[in-house]
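Enquirer: In terms of the numbering used here, the sequence shown is numbered consecutively and its last residue is 579.
The structure that follows is given in the form of structure tokens.
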Amino acid sequence: MRRLALPVLSCLILCLFAGAGCQSPSSRVDGTGADSSRHSTLGSLGSGASEVAIPRLSDSELDQRSRAHAAFGAGIIRQMQEDTDGMLDYWNRAVDADPQNVELAMEVARRRLFRREPEEAIAVLERVIRAPGGALDGAVWSVLGLAYVQSGHTNEAIAAYRRGLGDESTRLGAYASLGRLLVDTGQAKEAMTVMADAEKQEPGNVVYQLDVAELYAQLAERHPEVRNDARLRAIAALERVEGVGSTDPGVLLRLADRNSALGRGEAAERALQKVREQGGGGGGMAAARLAEMYMRAGRLDDAVEQLEALRRDAPSNPMPPYFLGVISFERRDFERAAEWFERALLLDPVHEPSNIDLISALLSLGKPEAALEWVKRGRARLKPMFRLEYLAGLAHGRLKQHAEAVAALRQAETLAAGDAAMLDHRFRFQLGVELEMAGETVESESLMLEVLRSEPDFAPALNHLGYTWADKGRNLEESLGMIRRAVAAEPDNAAYLDSLGWVLFRLGRFEEAVPPLEKAVELLGEELDPTVLDHLGDVMAALKRWPEAKRAWESALKLGPSEVIRGKLEAAP
């Protein structure tokens with residue numbers, strides 16, 4: 007690299023001082039923020055002034071200032087070369103040469119903190135604090151407090167923040183920092199004392215009072231010993247904000263959030279409605295939060311109103327139709343839910359929740375073929391997902407494609423990577439069912455027993471394993487006990503009642519088998535199952551009640567052909 011001539015380099019440094027807004031290393035700030043009488047006018051030199059007033063300095067002072075200038079300028083050059091370490095090293099030298107330069111020391115300290123080097127930041131600031139004649143404002147104490155926090159020196163940080171309270175220009179920030187530190191370090195009573203003083207500062211400053219409310223809310227959440235008092239004071243701070251009558255959307259949205267967090271739904275709703283009425287950029291955010299609030303409260307009609315408004319305001323946003331689909335799903339209007347999810351996917355084809363919930367809605371509608379079509383689209387659009395493969399397994403199972411169902415569930419198991427929350431007893435039960443249907447009976451039984459060891463009262467597994475054993479004539483007494491427990495959990499479950507009737511039939515207790523099977527037929531209504539009717543026919547035949555047996559088998563044949571049932575019917579007297 008070509009070396010710069012010395013005069014050019016000096017000019018560059020001076021211009022950078024002025025143009026970049028940096029203060030000269032030889033200057034310092036007095037208590038009022040005005041330049042002291044000893045300042046040179048380096049800014050004028052940088053702007054090309056023809057006459058400069060140079061103060062009279064001793065030889066030692068001139069040498070000190072020259073070394074500070076040289077070090078600061080060398081740091082600027084390192085900054086231009088993206089050598090941050092070199093820049094900070096030279097700026098440290100500049101602070102050493104002129105420790106009364108508060109602004110430079112603050113800049114170096116902030117950069118050290120950004121690099122997570124709190125000890126270096128502390129060293130720089132302490133040099134400034136120890137310098138004779140230095141005029142320190144609250145900002146110095148705030149940065150020093152932050153440095154002590156980063157380095158884990160809590161008591162020193164508290165002391166620094168308390169020093170900052172004496173400077174009116176930084177008092178609010180010092181109160182906020184001190185209060186937050188006391189909350190975080192578990193000093194609840196001390197925090198309450200500090201916050202009692204803090205809340206009296208500028209009651210009309212809505213942003214500051216919102217910060218006060220947030221700190222009180224954190225105290226209430228984390229420290230039971232002050233919970234009630236802190237909550238009441240948080241509410242009082244929020245009421246002060248409401249009393250100001252701010253129309254700023256940002257303030258109103260924060261006010262709504264804080265009220266909502268404290269369980270003050272009506273106050274939160276008022277603030278959000280105010281934003282909605284004003285219109286403008288915050289209206290959409292307010293409508294979204296209102297919709298969320300209403301959904302959580304079960305006020306679905308109100309939520310729909312807000313979502314419809316959002317959809318009109320932002321027709322390309324996929325979220326309103328998605329949440330309208332969620333509400334329809336909650337209302338068990340699966341047809342409408344599927345329509346909304348499809349609209350959301352037209353706007354954002356890779357929106358994962360819309361893809362997944364559409365497949366769920368189609369399965370709830372009894373449309374496994376359509377669900378599998380959307381599974382294929384999801385696989386093409388989205389990254390591999392546990393939930394997508396799990397739903398694919400359900401869809402294949404309903405189509406009696408049990409080998410494919412097992413493959414999809416195995417893929418879901420792989421994607422879950424051992425996550426116990428995903429691979430819970432419900433997932434293992436579903437895999438066990440499909441393994442049974444696919445002919446993998448040994449593994450299915452092992453999985454069902456594993457499910458019941460972890461969840462002994464899980465009714466679907468109790469019924470499934472009990473029925474499987476009963477159908478094979480195995481462990482009949484144990485099967486009866488398991489199925490009775492399932493029926494006790496869900497007495498109007500037709501499938502469980504059918505299992506109970508069947509195991510009683512297998513035990514030869516024919517009279518006892520009749521009531522649960524008849525009740526199962528009654529509960530099924532128009533959705534009769536041929537297997538249940540076949541079981542009822544077998545029980546009636548065992549009791550020699552042939553007309554009733556024939557009626558049951560004939561009804562079963564109307565629902566679907568079966569050579570086994572037809573043979574029973576033809577052989578009946």
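Think of the CB as a built atom: it goes at the ideal place given N, C-alpha and C, for glycine as much as any other residue.
These numbers come from a predicted model, not from an experiment.
#1: Closer than 6 Å by C-beta to Q417: which residues in its own chain qualify, once you throw out the five before and the five after it? Chain order, please.
#2: Hey, S148 and E125 are a contact pair by Cβ (cut 8 Å); roughly how many whole angstroms apart?
#3: Does the beta-carbon of W97 have 16 or more other beta-carbons within 10 angstroms, so that it is buried, or is it exposed?
#4: Give the single residue among A236, A262, R237, D535 whose Cα lies nearest to the Cα of V247.
#5: Would you grab the beta carbon distance between R117 and L94 for me? Rounded to a whole angstrom, and I think it's under 8 Å.
#6: If T176 sits next to G144, beta carbons under 8 Å apart, how far is it from one beta carbon to the other, in whole angstroms?
#7: Nearest CA to the CA of H75: which residue from R282, D102, E88, F516?
#8: With DSSP as the reference, label F392 as helix, strand or coil.
#9: Rounding to the nearest angstrom, what Cα-Cα distance links E554 and L468 in this structure?
#10: Can you tell me whether L216 is buried or exposed, with buried defined as 16 or more other CB within 10 angstroms of its CB?
#11: If distances are taken between C-alpha atoms only, which option among R305, E275, G304 comes closest to R295?
#12: What distance in whole Å lies between the Cβ atoms of A153 and A115, which are believed to be in contact at a cut-off of 8 Å?
#13: Taking 8 Å as the cut-off, decide whether the C-beta atoms of A401 and L369 are in contact.
#14: Kindly indicate the opening and closing residues of the alpha helix (DSSP H) around M488.
#15: Based on Cα-Cα distance, which residue from L171, E208, M201, V213 lies nearest to L225?
#16: Would you grab the beta carbon distance between R282 and A292 for me? Rounded to a whole angstrom, and I think it's under 8 Å.
#17: Just tell me which of A344, R122, R233 has its CA closest to the CA of A194.
#18: Counting only the same chain and skipping the five closest in sequence on each side, list residues whose C-beta sits under 6 Å from that of A547.
#19: Once DSSP output is grouped into helix, strand and coil, what is the label at E611?
#20: Between which two residues does the alpha helix (DSSP H) holding P553 run?
#21: Helix, strand or coil for V35, going by three-state DSSP, please let me know.
#22: Tell me, please, whether the region 531–547 touches the region 488–508 by the rule of three or more beta-carbon pairs shorter than 8 Å.
#23: Assuming the contact rule is C-beta atoms closer than 8 Å, S266 and M299 should be a hit. Round their C-beta distance to whole Å, please.
#24: Where in the region 208–289 do unbroken runs of the alpha helix (DSSP H), each at least 4 residues long, occur, reported from the N-terminal end onward?
#25: Please classify N107: does DSSP put it in a helix, a strand, or coil?
#26: Among the residues of its own chain, which have a CB less than 6 Å from the CB of Y181, if the five just before and after it don't count?
#27: Would DSSP call V356 helix, strand or coil?
#28: Along the alpha helix (DSSP H) that carries P324, what are the first and last residues, could you check?
#29: Leaving aside the five residues before and after Q312 along the sequence, list all residues of the same chain whose C-beta is less than 7 Å from its C-beta, in chain order.
#30: Check each candidate in K206, M454, A309, P355 and name the one with the smallest Cα separation from A386.
#31: Whole angstroms is fine: what's the gap from A242's alpha carbon to R168's?
#32: So, helix, strand or coil for N361, using DSSP?
#33: Can you find the residues in the same chain that come closer than 7 Å, C-beta to C-beta, to F335, ignoring five residues on each side of it along the sequence?
#34: Whole angstroms is fine: what's the gap from E456's alpha carbon to F435's?
#35: When the distance is taken between beta carbons, is Y214 closer than 8 Å to L178?
#36: Measuring only the C-alpha atoms, how far is G384 from T420?
Expert: With the given structure in hand:
#1: E395
#2: Not a contact, Cβ separation roughly 18 Å.
#3: buried
#4: A262
#5: 6 Å
#6: 3 Å
#7: D102
#8: helix
#9: 30 Å
#10: buried
#11: E275
#12: 7 Å
#13: yes
#14: 482–495
#15: M201
#16: 5 Å
#17: R233
#18: A555
#19: The requested residue 611 is not part of the displayed model; the chain covers only 7 to 579.
#20: 552–565
#21: Summary for V35: the model assigns pLDDT 34, below 50, so the residue's position carries little reliability; its value from the coordinates is reported in the next sentence. In the structure shown, V35 sits in a strand (DSSP, three-state: E or B).
#22: yes
#23: 7 Å
#24: 212–228, 233–250, 255–267, 271–284
#25: coil
#26: A204
#27: coil
#28: No alpha helix (DSSP H) contains P324, which DSSP labels as neither H nor E.
#29: A293, L296, A297, Y300
#30: P355
#31: 25 Å
#32: helix
#33: A343, D363, A367
#34: 9 Å
#35: yes
#36: 18 Å
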